[in-house]
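S.K.: Chains as they are written, first to last, in our numbering: chain A, 35 to 168; chain B, 35 to 168.
Think of the CB as a built atom: it goes at the ideal place given N, C-alpha and C, for glycine as much as any other residue.
Supplied in structure tokens, the structure appears directly below.
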DNA sequence: CCCGAAATTAAAATCTTTTGCATTTAAACA
DNA sequence: TGTTTAAATGCAAAAGATTTTAATTTCGGG
């Protein structure tokens, strides 16, 4: 949490109540849509929905949060944990196993060469069946 | 393609021009937003945007297509197929480049061995800066 | 070819997100 | 602690995306 505030400061962003509360809302929470974050922050300080949207864009650009897929129409956001591990999640029981990311890193490197893009962010989700449920 | 039409019929859905064209639009294409699909289908038959949305919901429910994450505000959709395409998207200008999936497949295979999970679904999103924006 | 269920259209309603501008505020510094 | 100012916020309105409603058309079986 503190390192996120630090990251904001170091990049010249102000630590406003609203901004901090947005991060608080997402801390240790399932992905939330803008309105849900708004409802949380509203309880702690004066805030406007547009401020939520503006900050979600900033926090996203900084890599502190990411947009995730959802079934609903509105976008959802979640915190990006500093130690980004990847996991496979079982479609039946939900059990997760973390795998080392060496293959992922290798793949990213290859893709950078092929596409001439510099890859800065990623989102990888894997689902399947675990040995117990198979 | 044909098996998709077959799946629609077998589940009691009619094979309308509009519905078929939506699948055509997504066939062998990077993820598209509703409006892009609309523009494609429009060229081939009379269609309304609401028809696009309604069918995207139906096709999604049937598992023929899936929603994917994007930087923009509109949702994107892609065909669910065994050989799905992945793209890198530029954080600045939004330009996308598709990369072949061989490394991804290799990685998935390795992860299956390591974790003893059978991987059935995935979501991979890559963002960076394209050569022009670098 | 005819019928009924299902699908489509067009328009309007409803969400979601962005923008312009006046006002406020965090934080650097005297 | 007060002053300063770029950055951030609030408010309102617009823009964009998605859904709904009700009337009309179309698919596909008989």
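Using a Cβ-Cβ distance under 9 Å, would residue 50(B) count as near chain A?
M.R.: Taking the first residue of the second chain as position 1, residue 50(B) is located at position 16. It does not; no Cβ of chain A falls within 9 Å.
S.K.: Under the three-state reduction of DSSP, which class applies to residue 54(B): helix, strand or coil?
M.R.: Looking up residue 54(B) in the second chain gives position 20. Helix.
S.K.: At a Cβ cut of 8 Å, what residues of the stretch 137-161 of chain A count as close to chain B, listed as they run along the chain?
M.R.: 137, 138, 140, 141, 142, 144, 145, 146, 148, 149, 150, 151, 152, 153, 154, 155, 156, 157, 158, 159, 160 and 161
S.K.: Going along the chain, which residues of its own chain have a beta-carbon closer than 7 Å to the beta-carbon of residue 59(B), five neighbours each way excluded?
M.R.: The count along the second chain starts at 1 and reaches residue 59(B) at position 25. Within the same chain, residue 59(B) has close Cβ partners 66, 71, 74 and 75.
S.K.: What first and last residue would you give for the beta strand (DSSP E) that runs through residue 157(A)?
M.R.: For the purposes of this step, residue 157(A) is taken as residue 123 along the first chain, with counting starting at 1. That run of the beta strand (DSSP E) goes 152-163.
S.K.: For the candidate residues 79(B), 113(B) and 91(B), whose alpha-carbon lies nearest to that of residue 57(B)?
M.R.: The count along the second chain starts at 1 and reaches residue 57(B) at position 23. Residue 113(B) is the option with its Cα nearest to residue 57(B).
S.K.: Who are the neighbours of residue 124(B) on chain A, taking C-beta pairs under 8 Å?
M.R.: Counted from its first residue, the second chain places residue 124(B) at position 90. 151, listed in chain order.
S.K.: So that I know if they touch, is there some Cβ in chain B lying closer than 9 Å to that of residue 164(A)?
M.R.: Taking the first residue of the first chain as 1, we reach residue 164(A) at position 130. Answer yes: the Cβ-Cβ gap between residue 164(A) and chain B drops below 9 Å somewhere.
S.K.: Hey, could you find the ends of the beta strand (DSSP E) residue 101(B) is sitting in?
M.R.: In the second chain, counting from the first residue as 1, residue 101(B) sits at position 67. It spans 99-102 - the beta strand (DSSP E) in which residue 101(B) sits, taken as one unbroken run.
S.K.: Using the Cβ count rule (16 or more neighbours within 10 Å means buried), how would you classify residue 147(A)?
M.R.: Mapped onto the first chain, residue 147(A) falls at position 113. Classification of residue 147(A): exposed, given that the 10 Å Cβ count is below 16.
S.K.: If you run the structure through DSSP and keep just helix, strand and coil, what is residue 8(A)?
M.R.: The structure shown does not extend to residue 8(A), since chain A is modelled only from 35 to 168, so the question has no answer here.
S.K.: Would you list, in sequence order, the uninterrupted alpha helix (DSSP H) runs of no fewer than 4 residues that lie entirely inside the stretch 59-95 of chain B?
M.R.: Within the stretch 59-95 of chain B, the runs of alpha helix (DSSP H) at least 4 residues long that lie entirely inside it are, in chain order, 68-78 and 83-95.
S.K.: For residue 117(A), which residues in the same chain have their Cβ closer than 6 Å to its Cβ, ignoring the five residues on either side in sequence?
M.R.: Along the first chain, read from residue 1 onward, the residue named residue 117(A) stands at position 83. Per-residue confidence for residue 117(A) stands at a pLDDT of 48, beneath the threshold of 50, marking its modelled position as unreliable; no derived number is given.
S.K.: When the Cα atoms are used, what is the spatial distance from residue 162(A) to residue 152(A)?
M.R.: Locating residue 162(A) in the first chain gives position 128, where the first residue counts as 1. Locating residue 152(A) in the first chain gives position 118, where the first residue counts as 1. Answer to the nearest angstrom: the Cα atoms are 30 Å apart.
S.K.: Is residue 109(B) near residue 115(B), with beta carbons less than 9 Å apart?
M.R.: Taking the second chain and counting its residues from 1, the one referred to as residue 109(B) is at position 75. Taking the second chain and counting its residues from 1, the one referred to as residue 115(B) is at position 81. Not in contact: residue 109(B) and residue 115(B) (Cβ atoms no closer than 9 Å).
S.K.: Between residue 89(B) and chain A, is any beta-carbon pair separated by less than 9 Å?
M.R.: As a working note, residue 89(B) is residue 55 in the second chain. Contact with chain A is absent for residue 89(B), since none of that chain's Cβ atoms lies less than 9 Å from the residue's Cβ.
S.K.: Classify residue 147(B) as helix, strand or coil using the three-state DSSP reduction.
M.R.: In the second chain, the residue the question calls residue 147(B) occupies position 113. Residue 147(B) falls in the helix class under three-state DSSP.
S.K.: For residue 82(A), count the other beta carbons within 10 Å of its own beta carbon; 16 or more makes it buried, fewer makes it exposed. Which is it?
M.R.: For the purposes of this step, residue 82(A) is identified with residue 48 of the first chain, where counting begins at 1. Exposed: under 16 other Cβ atoms inside 10 Å.
S.K.: If you measure between the beta carbons of residue 99(A) and residue 87(A), is that distance less than 9 Å?
M.R.: Reading the first chain from its first residue, position 65 is the one you call residue 99(A). Reading the first chain from its first residue, position 53 is the one you call residue 87(A). No.
S.K.: Do residue 160(A) and residue 145(B) come within 9 Å of each other at the CB atom, strictly closer than that value?
M.R.: Position 111 of the second chain holds residue 145(B). Position 126 of the first chain holds residue 160(A). The answer is yes: Cβ separation under 9 Å.
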